[in-house]
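*Asks:* In my numbering, the protein residues as written are 8 to 88.
Right, I'll just put the structure down here and ask away after.
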Amino acid sequence: MSTTQPSGVDSTTKEQRLEAYLERNAADGELYFKSKFIADEVGLSPKEIGALMCKLTDSATTLEIEKWSYTSATTWRVAPA
Numbered sequence: 008m009s010t011t012q013p014s015g016v017d018s019t020t021k022e023q024r025l026e027a028y029l030e031r032n033a034a035d036g037e038l039y040f041k042s043k044f045i046a047d048e049v050g051l052s053p054k055e056i057g058a059l060m061c062k063l064t065d066s067a068t069t070l071e072i073e074k075w076s077y078t079s080a081t082t083w084r085v086a087p088a
């Protein structure tokens, strides 16, 4: 018997997990990171993190999020709001 979740539920859980991670790590000030370097800690792929960061840029009320660099991989800047 399969125990799959609807993709909307899974996506929300991933978004909440990433937001909680960012809140913890940016609590003392600014945080700069590339998705590929936090992927293992968050349990998401760099591609998933990038997509979720775009969502969080608009929806996160406790964080200030911006794209900082557009070189080979996007660098994100996160700070408490």
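In this text, a Cβ means the ideal position worked out from N, Cα and C, and glycines have one as well.
1. Within a Cβ cutoff of 8 Å, which residues of the same chain sit near Ser76, ignoring the five residues on either side of it in sequence?
2. Less than 8 Å between C-beta atoms, sequence neighbours within five positions excluded: which residues of the same chain meet that for Leu70?
3. Which residues share a DSSP beta bridge with Tyr39?
4. Over the uninterrupted alpha helix (DSSP H) stretch that includes Ala59, give me the two end residues.
5. Between Ile45 and Ala67, what straight-line distance do the alpha-carbon atoms span, to the nearest angstrom?
*Replies:* Judging by the given coordinates:
1. Locating residue 76 in the sequence shown gives position 69, where the first residue counts as 1. Here Ser76 has Thr82 as same chain residues with Cβ atoms under 8 Å from its own Cβ, once five neighbours each way along the sequence are excluded.
2. Against the sequence shown, residue 70 aligns to sequence position 63. Within the same chain, Leu70 has close Cβ partners Glu26, Leu29, Glu30, Ala33, Leu63, Val85, Ala86, Pro87, Ala88.
3. Along the sequence shown, read from residue 1 onward, the residue named residue 39 stands at position 32. According to DSSP, Tyr39 bridges with Arg84.
4. The residue given as residue 59 occupies position 52 in the sequence shown. The question names Ala, yet the displayed sequence has Leu at residue 59. Run containing Leu59: 53-66, per the alpha helix (DSSP H) assignment.
5. Position 38 of the sequence shown holds residue 45. Position 60 of the sequence shown holds residue 67. Cα to Cα, Ile45 sits roughly 19 Å from Ala67.
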